[in-house]
Each structure stands twice: as structure tokens, then as C-alpha cells.
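The next block holds one structure in the form of C-alpha cells; read it before the comments.
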């Protein structure tokens with residue numbers, strides 16, 4: 507029986523792999539649902555903040571924070587949000603590809619870039635290819651907390667305030683739906699405020715302690731909330747992408763097993779036929 | 023019926039409370055404030071402390087915040103609560119930590135980003151993915 511045993515062990519090992527991938531798919535599916543809920547939960551905070559900032563911007567024109575001022579761009583910063591783990595299809599790679607194209611375009615214009623990475627994959631990427639990584643955080647887990655991000659974001663914002671960076675972008679995967687994740691690069695600072703035009707009559711808040719301090723606190727929190735939102739959204743993308751990838755892997759394993767089973771059956775049949783013909787041949791000789 | 027004011031307490035990680043109230047007490051940075059309906063617009067930082075929401079039905083709801091921002095409009099109170107404990111030196115330490123981590127992770131690394139290398143590796147990865155895709159489609163078809 508030529509190769510029948512080998513084929514059998516191969517089938518068994520593929521079956522084991524298939525069990526793992528299908529388990530991973532189910533885990534990713536349930537994690538995705540939770541990540542999506544978290545994504546929805548973070549929205550009201552940022553929305554409310556945008557509202558207040560939009561108002562402050564309008565009602566209080568005599569003070570403009572440096573986060574809201576455009577200036578000439580010489581050096582830019584990227585905050586790159588990636589996943590900690592692999593086996594999630596082309597999620598991270600697609601984003602890095604888009605990022606490289608951007609960096610190159612800026613590089614051609616003589617604009618240098620610094621980086622800040624969130625997640626192991628982005629860190630590994632820049633470890634391999636160089637680039638100045640100013641800050642990094644990894645192992646955020648499935649439930650990221652905003653306090654883990656504060657330090658990392660602060661490094662970038664401080665660099666911006668000191669004038670080392672003139673613009674900060676955030677780079678993450680936007681969750682369109684379970685099947686589609688879109689690599690996105692958005693400008694974080696300076697804040698592009700969508701002014702609300704409906705406020706026709708002039709009124710202002712009472713500020714405690716004063717407007718500058720309130721606005722400072724508000725803007726920092728707003729930016730952190732945006733970064734946090736991207737992290738959560740990227741997490742949902744990671745899970746859904748993994749779910750799709752693992753579904754494909756399970757299907758592939760299934761079709762591989764079918765093929766091998768066919769080969770195995772043929773080999774077995776051939777062995778039996780050969781044995782019979784040998785016996786018949788032997789009987790005829792006697 | 024008594025006048026009511028709408029209260030929203032939200033944090034970056036989720037909505038904490040939303041509802042009507044007769045009166046809201048919050049630990050503002052310059053002392054506790056009590057907010058009744060038709061309060062004049064106010065924005066203030068919050069200290070760590072307790073927010074009390076008087077719902078009018080004799081029930082008092084308590085929420086702990088570790089800081090944040092309070093925004094008051096005549097009929098809406100919004101509390102943008104922090105979930106983390108914030109202090110200037112704490113934030114500073116966190117920032118230093120993030121920097122140190124980056125330096126450790128990348129020690130002995132050249133400072134310039136190598137487009138060519140990165141691009142070729144990515145192209146390879148994408149090609150692999152595409153091949154897998156094609157194999158999969160071929161199998162099915």
C-alpha cells in the first residue's frame with residue numbers, strides 16, 4: 507500500500523489544523539461583537555467634546571490654542587495603530603502599504619516623518635525598516651484603556667507644541683463592515699474644526715478657572731479620545747479580519763482533506779486490485 | 023411638575039448615565055457646584071470626587087469621577103468624565119515611559135526609514151495573499 511499510511515497521517519494533521527482555525531474563527535466572531543459594542547460606546551464622548559470645542563472655537567475667538575493653528579509643514583508625526591497579533595489577513599500590511607506611499611510622497615517634498623506605534627505589528631515593522639519611533643505601546647489587549655494611551659499620545663503632542671512636529675496624522679483601519687476594513691490616514695493635529703454656523707447670537711460660557719486652562723484640558727482629552735477611538739475601531743477590524751481569514755483557512759483545509767481523501771481511496775483501491783490480481787495470477791500458475 | 027435638566031455623563035470608554043434631574047452637584051476645581059435648571063452656561067474642570075444627581079423622585083444617584091470637564095447649558099449638563107486619574111506629573115511619567123519603551127525596542131536601529139526594503143517586503147506579502155486568494159477561488163470554481 508504505497509503511501510496510504512502517509513496520506514492518512516497527513517489528513518489527520520490537516521484535520522487538527524482545521525479544528526484550530528475553526529475555533530479561532532469562533533473566538534474572533536464573539537470578540538468582534540464585543541469590540542463593535544465598545545466602538546459604539548466610545549462615540550458619545552467624542553461627539554459631545556466636538557460639540558463643546560466647536561462652540562469654544564466660535565464663542566471665544568481671542569484665544570487660539572496651538573493645536574488649532576495651521577503652520578508651515580516641515581516635519582510630520584504619524585501615530586500608527588496596529589494589531590498585536592497576526593493571523594488576521596492583510597489588515598496590517600494593507601495599512602503599512604498605504605502609509606509607505608504617504609511617507610514617500612512627503613519625503614519627495616522634503617518633509618521628514620517621525621512615528622509613534624501602537625501594537626506589536628507596527629513596532630515590528632519599524633524595527634525592521636528603521637525610522638524614528640518616538641513612543642510606543644504594545645499589548646493593549648482586547649479591552650484597551652485610555653490611561654494606557656495617555657503617555658504615548660502626550661509624547662507626540664509635546665513634540666508638536668515644541669515645534670518639532672508641524673502636523674500629526676493618525677493611521678488606523680476604519681471599520682466599514684465585517685467584510686470591509688479600510689486603511690485610513692487622518693489628520694489629528696491641527697484640529698480641523700467643523701464650525702457650527704447655527705450659533706448666531708453671541709454668548710459665552712463662564713469659565714472656571716479660566717478659558718485657557720479649560721480649553722487646554724479639553725483639547726488634550728479630545729485628542730486622546732480620538733486616538734482611543736481609533737484603537738478600539740482597529741481592534742474591531744482585527745477581529746473581523748481574523749474571522750474572515752480563519753473562515754477561509756477552515757474552508758481550504760476542508761477542500762484539502764477532500765482531495766487527500768480521494769487520493770487515499772484511490773491508493774487503497776489500487777492496492778486491493780493489485781493483491782487480487784496477484785492471487786488470481788498465482789492460482790492460475792498452480 | 024418641577025423643572026428638569028437633562029444630564030449626560032460620558033467617559034471615553036462609554037456612556038455612564040443619561041437622564042433627567044432636578045439638580046446636579048459636581049466637584050468643580052474651585053469648589054463644589056450645584057446646578058439647577060436654567061443655569062447660565064458654564065465650563066469647568068472637575069476634581070476627583072462624587073457627582074450627585076437628584077432625580078426629583080427622592081432618589082439621589084451617585085457617580086464617582088476621577089476628574090474631567092463639566093459643561094452646562096441652560097437645559098443640558100454634560101459631564102465628560104475621565105476614567106483615569108490624571109495629574110501633571112503622572113502624565114509626564116507616562117510619556118517618559120512611552121519614550122523609554124520605544125528606545126529600548128529600537129536600540130541599535132538606523133534612524134532613516136528604508137522605503138525600498140519595506141516596499142519589497144510588503145509587495146511580497148501582498149503577492150502571497152493574492153496567490154492564496156487565487157488558489158482558493160480556483161478550488162471553489
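Chains as they are written, first to last, in my numbering: chain X, 507 to 792; chain P, 23 to 163.
For every residue, glycine included, the Cβ atom is placed at its ideal position computed from N, Cα and C.
Beta-carbon proximity list for residue i, same chain, < 8 Å, skipping 5 on both sides
i, result
"residue 770 of chain X", "510, 513, 514 and 517"
"residue 694 of chain X", "585, 674, 675, 676, 729, 732 and 733"
"residue 148 of chain P", "none"
"residue 656 of chain X", "730"
is_contact[residue i, chain X] using C-beta, thresh 9 Å
i, result
"residue 63 of chain P", "yes"
"residue 123 of chain P", "yes"
"residue 157 of chain P", "yes"
"residue 50 of chain P", "yes"
"residue 79 of chain P", "no"
Exposure label - residue i; buried when at least 16 CB within 10 Å
i, result
"residue 67 of chain P", "buried"
"residue 698 of chain X", "exposed"
"residue 92 of chain P", "buried"
"residue 456 of chain X", "Limits of chain X in this structure are 507 at one end and 792 at the other, which puts residue 456 of chain X out of reach."
"residue 652 of chain X", "buried"
"residue 683 of chain X", "exposed"
"residue 558 of chain X", "buried"
"residue 706 of chain X", "Reliability of the predicted coordinates at residue 706 of chain X is poor, the pLDDT of 49 falling under 50, and the value obtained from them is presented with this limitation in mind. Residue 706 of chain X is exposed by the Cβ-count criterion."
"residue 554 of chain X", "buried"
"residue 597 of chain X", "buried"
"residue 635 of chain X", "buried"
"residue 61 of chain P", "buried"
First and last residue of the uninterrupted beta strand (DSSP E) at residue i
i, result
"residue 31 of chain P", "27 to 33"
"residue 36 of chain P", "36 to 43"
"residue 468 of chain X", "There is simply no residue 468 of chain X to check, as chain X begins at 507 and stops at 792 in what is shown."
"residue 100 of chain P", "98 to 103"
"residue 88 of chain P", "82 to 95"
"residue 65 of chain P", "64 to 76"
"residue 55 of chain P", "53 to 57"
"residue 583 of chain X", "581 to 587"
"residue 687 of chain X", "687 to 695"
"residue 714 of chain X", "712 to 714"
Continuous alpha helix (DSSP H) stretch holding residue i: start and end
i, result
"residue 628 of chain X", "626 to 635"
"residue 607 of chain X", "597 to 614"
"residue 780 of chain X", "717 to 791"
"residue 592 of chain X", "Counting along the chain, residue 592 of chain X falls outside any alpha helix (DSSP H), and DSSP gives it neither H nor E."
"residue 114 of chain P", "110 to 127"
"residue 653 of chain X", "652 to 667"
Residues near residue i in its chain [Cβ-Cβ closer than 7 Å; skip 5 each side]
i, result
"residue 59 of chain P", "25, 26, 27 and 97"
"residue 618 of chain X", "581"
"residue 531 of chain X", "749, 752, 753 and 756"
"residue 551 of chain X", "731"
"residue 713 of chain X", "720"
"residue 742 of chain X", "538, 541, 542, 545 and 681"
Cutoff 9 Å: residue i Cβ touching any chain A Cβ
i, result
"residue 734 of chain X", "Although the question refers to chain A, the structure presented lacks it and instead comprises the protein chains X and P."
Cβ neighbours of residue i in the same chain (closer than 6 Å, five flanking residues each side left out)
i, result
"residue 736 of chain X", "587, 676 and 678"
"residue 640 of chain X", "620, 622 and 661"
"residue 739 of chain X", "545 and 681"
"residue 55 of chain P", "48"
Within-9 Å CB hit, residue i to chain P
i, result
"residue 548 of chain X", "yes"
"residue 623 of chain X", "yes"
"residue 754 of chain X", "yes"
"residue 706 of chain X", "Since pLDDT at residue 706 of chain X reaches only 49, below the 50 mark, its modelled position is unreliable, and the value read off the structure follows with that caveat. No, residue 706 of chain X lies away from the interface with chain P (no Cβ there is under 9 Å from its Cβ)."
Contact test: residue i Cβ vs the ligand GTP heavy atom, cutoff 8 Å
i, result
"residue 549 of chain X", "This structure lacks the ligand GTP; in fact it carries no ligand of any kind."
Tell me whether the segment 32 to 47 of chain P and the segment 780 to 790 of chain X touch, counting them as touching only if at least three CB pairs, one residue from each stretch, are closer than 8 Å. no
Closer than 8 Å is the cut-off here; do at least three beta carbon pairs connect the segment 527 to 540 of chain X with the segment 749 to 757 of chain X? yes
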